[in-house]
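Quick notes on the structure that follows.
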Amino acid sequence: MQVTDVEKVPSLFSRTNPFQAKVLKNMNLNGEGSTKETRHIELSLEGSGLSYVPGDCLGVVPDNDPELVASILEVMKWDPETAVVINKQNETLPLKEALLKHFELTLLSKKIVQQAAEFSDNEALKQLVADTEQLKAYTDGRDVLDLLSEFGPWKASAHEIVALLRKMPPRLYSIASSFAANPGEVHLTIGAVRYMAHGRERKGVCSVMCAERLNEGDTVPVFVQLNKHFNLPESSEQDIIMVGPGTGIAPFRSFIQERAVSKAAGKAWLFFGDQRSATDYLYQEELEQYQQAGALTKIDVAFSRDTAQKVYVQNKMQENSQELFAWLERGAYFYVCGDKQNMAKDVHNTLIDIIEKEGKLSREEAEAYLNGLQEQGRYQRDVY
Ligand code: NAP
Numbered sequence: 001m002q003v004t005d006v007e008k009v010p011s012l013f014s015r016t017n018p019f020q021a022k023v024l025k026n027m028n029l030n031g032e033g034s035t036k037e038t039r040h041i042e043l044s045l046e047g048s049g050l051s052y053v054p055g056d057c058l059g060v061v062p063d064n065d066p067e068l069v070a071s072i073l074e075v076m077k078w079d080p081e082t083a084v085v086i087n088k089q090n091e092t093l094p095l096k097e098a099l100l101k102h103f104e105l106t107l108l109s110k111k112i113v114q115q116a117a118e119f120s121d122n123e124a125l126k127q128l129v130a131d132t133e134q135l136k137a138y139t140d141g142r143d144v145l146d147l148l149s150e151f152g153p154w155k156a157s158a159h160e161i162v163a164l165l166r167k168m169p170p171r172l173y174s175i176a177s178s179f180a181a182n183p184g185e186v187h188l189t190i191g192a193v194r195y196m197a198h199g200r201e202r203k204g205v206c207s208v209m210c211a212e213r214l215n216e217g218d219t220v221p222v223f224v225q226l227n228k229h230f231n232l233p234e235s236s237e238q239d240i241i242m243v244g245p246g247t248g249i250a251p252f253r254s255f256i257q258e259r260a261v262s263k264a265a266g267k268a269w270l271f272f273g274d275q276r277s278a279t280d281y282l283y284q285e286e287l288e289q290y291q292q293a294g295a296l297t298k299i300d301v302a303f304s305r306d307t308a309q310k311v312y313v314q315n316k317m318q319e320n321s322q323e324l325f326a327w328l329e330r331g332a333y334f335y336v337c338g339d340k341q342n343m344a345k346d347v348h349n350t351l352i353d354i355i356e357k358e359g360k361l362s363r364e365e366a367e368a369y370l371n372g373l374q375e376q377g378r379y380q381r382d383v384y
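Residue numbers (full-length UniProt numbering): 1 to 384.
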């Protein structure tokens, strides 16, 4: 049983009715000189009735970047105070507030561009929507400001344009704390997303809101999203192996805290990786303390940019292949969290390599072994 499985009283707050959580702490985990900015955010759930177990996610409803909203208002010469309808119930908001809080501005869909084309005589736009391939390529990495500034003049009111937009979707983050270890609180580990595309700096809506505009004492709308597919073993006697480079560390901080509180008998092994040991070893002090206290049995770290040759978490798994396989043979659960595109695939293949080598199995047998683990719920992934 998990420590937080105590009296479950349903909360009034949910995805459709988020709780305004107060920010208790907001700090950058990366040291000076890092190429990254990873925020550690602590929120209060006091009075919400919300709770969670390790593996669950927190939904955060972000605001848009005020600079992006100001640029749209300027390009369109719109009056910020114009009332616009925001939903099917015909509720209205002043335009500026609607753009800040209600609509998604940073993603373009083919449908939005096609519908917007009805409001313009711009020849280039007509040509663009006539070619599905080109239209798809155009929407990639562009936003509502790109569309509005490139293809005017527009024969539409602010109301008609915002009616094309999608409601702002919440962002889900793996919770980085254990409720049992931090009653009434929830912690997040969020990497700020910033990059250049099509000649403008682009910012992750929620991650940059958290990095630049969320101060201690402010509130932010949140809800808990259960995750049935990423959980600690039922029995705290089972061993766990956790692979979580970068922000993939988040749910494992929760796992480790939970197991420290419950004084779990099972062993715990963490593989962590990031760019540089001096600036990017997230939660280093805490993790080392958990190791000294016995809640973490073993930590293996891979810093990819400390050496000429990159070292990744899967290299550390390879170096420890015999021991890793022995843990699996004794019933350990294997968890992966973080980048889906490359890391999770490489870790998956490395795991098969290890099972093949150490179990003296064929490739097919090793794959079947891993499928078996998955069926038993002993191979779980939270990748994004
Ligand atoms: P991250 O970008 O996943 O980086 C953490 C560590 O993983 C770094 O040391 C990185 O090394 C390393 N890494 C890179 N490729 C790897 C691979 N194939 N196998 C194992 N390790 C690998 O961490 P994060 O900044 O916390 O990012 C979290 C999420 O943001 C990711 O899951 C991803 O979805 C997203 N992200 C996307 C992009 C993108 O271009 N699409 C870029 C960054 C992050 P090096 O960086 O030195 O190679």
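Cβ coordinates follow ideal geometry from the N, Cα and C atoms, glycine included.
(request) Please look up how many angstroms separate the CB atoms of L24 and E185, rounded, as I've assumed it's under 8 Å. (result) Yes, L24 and E185 are in contact; Cβ-Cβ is about 7 Å, under 8 Å.
(request) My understanding is that F255 touches Q275, with C-beta atoms under 8 Å, so please give their C-beta distance in whole angstroms. (result) Rounded to whole angstroms, the Cβ separation of F255 and Q275 is 24 Å, and the two are not in contact under 8 Å.
(request) Keeping to the same chain, check which residues put their C-beta closer than 7 Å to that of R378; ignore five residues upstream and five downstream. (result) Y333, F334, listed in sequence order.
(message) Among the candidates E160, I240, Q289, I352, whose CA atom is the shortest distance from the CA of R363?
(response) Comparing Cα-Cα distances from R363 to each of E160, I240, Q289, I352, the minimum goes to I352.
(message) Measuring straight from C-alpha to C-alpha, what distance separates Q322 and F271?
(response) Answer to the nearest angstrom: the Cα atoms are 15 Å apart.
(request) Determine the direct distance from the alpha carbon of E118 to that of G152, and round the result to whole angstroms. (result) When rounded, the separation of the alpha-carbon atoms in G152 and E118 is 12 Å.
(message) Here's the rule I'm using: 16 or more other beta-carbon atoms within 10 Å means buried, otherwise exposed. How should M209 be labelled?
(response) Buried.
(message) By the DSSP assignment, the alpha helix (DSSP H) with G349 in it spans what residues?
(response) Note on residue identity: the sequence assigns Asn, not Gly, to residue 349. For N349, the enclosing alpha helix (DSSP H) covers residues 343-358.
(request) With DSSP as the reference, label G141 as helix, strand or coil. (result) Three-state result, G141: coil.
(request) Tell me whether the beta-carbon of P251 lies closer than 7 Å to the beta-carbon of C337. (result) P251 is a Cβ neighbour of C337, given a cutoff of 7 Å.
(message) If the criterion is Cβ atoms closer than 7 Å, does the pair L324 and I354 meet it?
(response) L324 is a Cβ neighbour of I354, given a cutoff of 7 Å.
(request) Out of V60, G31, Q374, state which residue places its alpha-carbon closest to the alpha-carbon of R171. (result) Ranking V60, G31, Q374 by Cα distance to R171 puts V60 first.
(message) Suppose you measure from the CA of T4 to the CA of A83; what does that come to, to the nearest Å?
(response) Note that T4 has pLDDT 48, beneath the 50 cutoff, so the model's placement of it is unreliable and no number is given.
(message) Applying the 10 Å Cβ sphere with the 16-neighbour rule, what's the burial state of S51?
(response) With 16 or more Cβ atoms within 10 Å of its Cβ, S51 is classed as buried.
(request) Would you list the one or two residues that DSSP bridges to H187? (result) Bridge partners of H187: E42.
(message) I'd like to check one pair, L58 with V222: are the Cβ atoms closer than 7 Å?
(response) Contact: yes.
(request) Please confirm whether any heavy atom of the ligand NAP lies closer than 6 Å to the CB of T307. (result) Distances taken from the Cβ of T307 to the heavy atoms of the ligand NAP include none shorter than 6 Å.
(request) Would you list, in sequence order, the uninterrupted alpha helix (DSSP H) runs of no fewer than 4 residues that lie entirely inside the stretch 238-326? (result) Taken in chain order, the unbroken stretches of alpha helix (DSSP H) that lie wholly in the stretch 238-326 and span 4 residues or more are 250-261, 277-280, 284-293, 313-319.
(message) Could you pull the DSSP bridge partners for V205 from this structure?
(response) Paired residue(s): none; V205 is not in a bridge.
(message) Which residue marks the beginning of the alpha helix (DSSP H) containing G372, and which one marks its end?
(response) Unbroken alpha helix (DSSP H) run through G372: 363-375.
(request) Give the range of the alpha helix (DSSP H) segment to which K101 is assigned. (result) Where K101 is concerned, there is no enclosing alpha helix (DSSP H), because DSSP gives it neither an H nor an E.
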